[in-house]
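Colleague:
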Ligand SMILES: [Zn+2]
Ligand SMILES: [Zn+2]
Ligand SMILES: [Zn+2]
């Protein structure tokens with residue numbers, strides 16, 4: 001008497017190999033049938049040893065192994081119903097349920113909208129599913145995206161992220177200055193605005209020159225795309241900075257010098273805003289390219305290339321007309 005249905009196992013029994021859960025060929029006492037019926041199940045068969053039964057859920061039909069003791073003394077939980085509840089909660093919270101955490105029953109792994117996987121408390125996901133995320137918040141935080149974002153912001157200004165703050169402050173990171181090798185702590189808020197100087201060589205954020213650039217790259221199976229960004233040193237660092245895979249062809253096709261990283265950042269933001277507003281059909285969501293390139297700002301289709309080129313021309317003209325700082 002074999003059964004084709006998946007047998008769900010209670011958490012505490014998951015270390016018992018599946019082969020142990022074979023049918024235990026003994027009659028099923030009538031009292032067990034009556035108890036199961038009252039609790040929304042049907043005793044399908046006895047399994048493993050004289051203490052266990054396979055219960056069929058009246059609602060979803062899934063089979064779950066339980067101790068006879070549990071059937072007698074408590075409300076057995078249907079593994080099928082629980083799994084579909086978890087998937088439903090995840091979907092409502094904007095996530096994809098990936099895998100439960102066998103070691104910590106309150107946790108499971110989920111795929112975030114950005115495509116990265118994360119471990120979350122199931123109760124938190126259930127709450128998100130019920131109430132939805134608070135307005136203006138996505139309700140989850142992707143630490144991978146956050147780390148990549150910080151790395152990109154540091155690199156734009158000619159710095160590299162070394163790691164967490166040695167003094168343990170969550171709002172700081174340890175960075176190294178590419179040109180002089182000096183290491184220092186920088187507040188993440190300053191990392192975002194580029195407002196920090198180097199304690200080693202004395203280069204200040206006000207004076208450090210920068211450049212706006214346009215990069216054309218070709219993702220296999222995706223076609224040509226362009227990236228607009230700013231960087232302290234687009235020529236030498238771009239590939240590394242963007243985490244481009246080796247099989248992605250990339251070419252720097254335009255570059256405009258800017259007096260400071262600060263002005264480069266401001267102008268770059270304005271250009272992205274303009275493109276999103278007036279050329280939204282040419283915007284490629286970064287998530288589509290997540291496996292190929294680490295970026296936080298938009299990527300555009302090749303059709304945006306002449307538009308961006310004109311915008312960079314305008315930037316150059318307006319900056320050329322300004323007095324030197
Ligand atoms: Zn069920
Ligand atoms: Zn992410
Ligand atoms: Zn320095």
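In this note's numbering, the protein residues as written are 1 to 325.
For each residue, glycine too, the CB sits at the ideal point set by N, CA and C.
To the nearest angstrom, how far is it from the Cα of residue 325 to the Cα of residue 282?
Modeller: Within the chain shown, numbered from 1, the residue matching residue 325 stands at position 325. Within the chain shown, numbered from 1, the residue matching residue 282 stands at position 282. Residue placement at residue 325 is flagged as unreliable, the pLDDT there being 35, under the threshold of 50; a coordinate-derived value is accordingly withheld.
Colleague: According to DSSP, is residue 62 helix, strand or coil?
Modeller: For the purposes of this step, residue 62 is taken as the residue at position 62 of the chain shown. Residue 62: coil per DSSP, three-state reduction.
Colleague: Between which residues of its own chain and residue 192 is the CB-CB distance below 7 Å, once the five residues before and five after are set aside?
Modeller: Locating residue 192 in the chain shown gives position 192, where the first residue counts as 1. Contacts found: 153.
Colleague: Kindly identify the DSSP beta-bridge partner or partners of residue 160.
Modeller: In the chain shown, residue 160 corresponds to position 160, counting from 1. Bridge partners of residue 160: 176.
Colleague: Is there contact between the segment 251-261 and the segment 271-278, where contact requires at least three CB pairs shorter than 8 Å?
Modeller: Segments in contact, no.
Colleague: Rounded to whole angstroms, what's the CA-CA distance from residue 97 to residue 311? Just pull it up for me.
Modeller: Numbered from its first residue, the chain shown carries residue 97 at position 97. Numbered from its first residue, the chain shown carries residue 311 at position 311. About 43 Å.
Colleague: To the nearest angstrom, report how far apart residue 18 and residue 37 are at their CA atoms.
Modeller: Your numbering for residue 18 matches position 18 in the chain shown. Your numbering for residue 37 matches position 37 in the chain shown. So the two alpha carbons sit approximately 26 Å from each other.
Colleague: Can you tell me whether residue 49 is buried or exposed, with buried defined as 16 or more other CB within 10 angstroms of its CB?
Modeller: Sequence index remark: in the chain shown, residue 49 carries index 49 (1-based). Exposed, because fewer than 16 other Cβ atoms sit within 10 Å of the Cβ of residue 49.
Colleague: Helix, strand or coil: which one does DSSP assign to residue 15?
Modeller: Here residue 15 corresponds to residue number 15 of the chain shown, with the count starting at 1. Coil.
Colleague: For ligand 3, is there a heavy atom less than 7 Å away from the beta-carbon of residue 182?
Modeller: Within the chain shown, numbered from 1, the residue matching residue 182 stands at position 182. Result yes, Cβ under 7 Å from ligand 3.
Colleague: Could you tell me which uninterrupted beta strand (DSSP E) segments, each at least 3 residues in length, are contained entirely in the segment 224-270, listed from first to last along the chain?
Modeller: You should have 249-258.
Colleague: Are there 16 or more other CB atoms within 10 angstroms of the CB of residue 171, so buried, or fewer, so exposed?
Modeller: For this step, residue 171 is matched to residue 171 along the chain shown. Residue 171 comes out exposed.
Colleague: Does DSSP classify residue 319 as helix, strand or coil?
Modeller: The residue you call residue 319 lines up with position 319 of the chain shown. Residue state, collapsed to three classes: helix.
Colleague: Tell me whether residue 144, by its Cβ, gets closer than 7 Å to a heavy atom of ligand 2.
Modeller: Taking the chain shown and counting its residues from 1, the one referred to as residue 144 is at position 144. Yes, since a heavy atom of ligand 2 falls inside the 7 Å radius drawn around the Cβ of residue 144.
Colleague: Cα separation between residue 308 and residue 228?
Modeller: In the chain shown, residue 308 corresponds to position 308, counting from 1. In the chain shown, residue 228 corresponds to position 228, counting from 1. Straight-line Cα distance between these residues: approximately 8 Å.
Colleague: Taking only the alpha-carbon atoms, compute the straight-line gap between residue 55 and residue 63 and give it to the nearest angstrom.
Modeller: As a working mapping, residue 55 is identified with position 55 in the chain shown. As a working mapping, residue 63 is identified with position 63 in the chain shown. Taking the straight line joining both Cα atoms gives about 5 Å.
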